[in-house]
Ligand SMILES: [Zn+2]
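Numbering (our numbering), first residue to last: 413 to 496.
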């Protein structure tokens, strides 16, 4: 059995940012791009740019290579992770 679940990731301003498949428990610190199910921000299209909230223009995080996989490392306090 998998512990994974799809969660909504919203900006603190309330704007939808991602639907994300989270495969492990615990706090949301990074998003692996391959697990992003819906990308309202556009990070999966252009990994050279920092991720910016389309509504409030706050920087959500930066793309990094983690264990050989592209991931969005979140700036803490910028997003709300909501269980579906
Ligand atoms: Zn925002």
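Just so it is clear, CB atoms sit at the ideal spot from N, CA and C, and this is done for glycine as well.
Which first and last residues belong to the beta strand (DSSP E) in which residue 421 is found?
417 to 423 is the span of the beta strand (DSSP E), which, as asked, contains residue 421.
Thinking C-alpha only, which one of 433, 435, 443 is nearest residue 459?
Cα-wise, what sits closest to residue 459 is 443.
In whole angstroms, what separates the C-alpha of residue 415 from that of residue 436?
If I take the Cα positions, the gap works out to 6 Å.
Buried or exposed: which applies to residue 425, given that a residue is buried once 16 or more other Cβ atoms fall within 10 Å of its Cβ?
That one is exposed.
For residue 492 and residue 423, I'd like the C-alpha separation in whole angstroms.
About 6 Å.
Near residue 483, what residues of its chain come up, given a Cβ to Cβ distance below 8 Å and the 5 sequence neighbours on each side ignored?
Counting only Cβ-Cβ distances below 8 Å, and skipping sequence neighbours, we find 442, 443, 444, 445, 475, 476, 477.
Are there 16 or more other CB atoms within 10 angstroms of the CB of residue 465, so buried, or fewer, so exposed?
Label assigned to residue 465: buried.
Among 481, 418, 430, 480, which has the Cα closest to the Cα of residue 450?
When only C-alpha atoms are compared, the closest one is 430.
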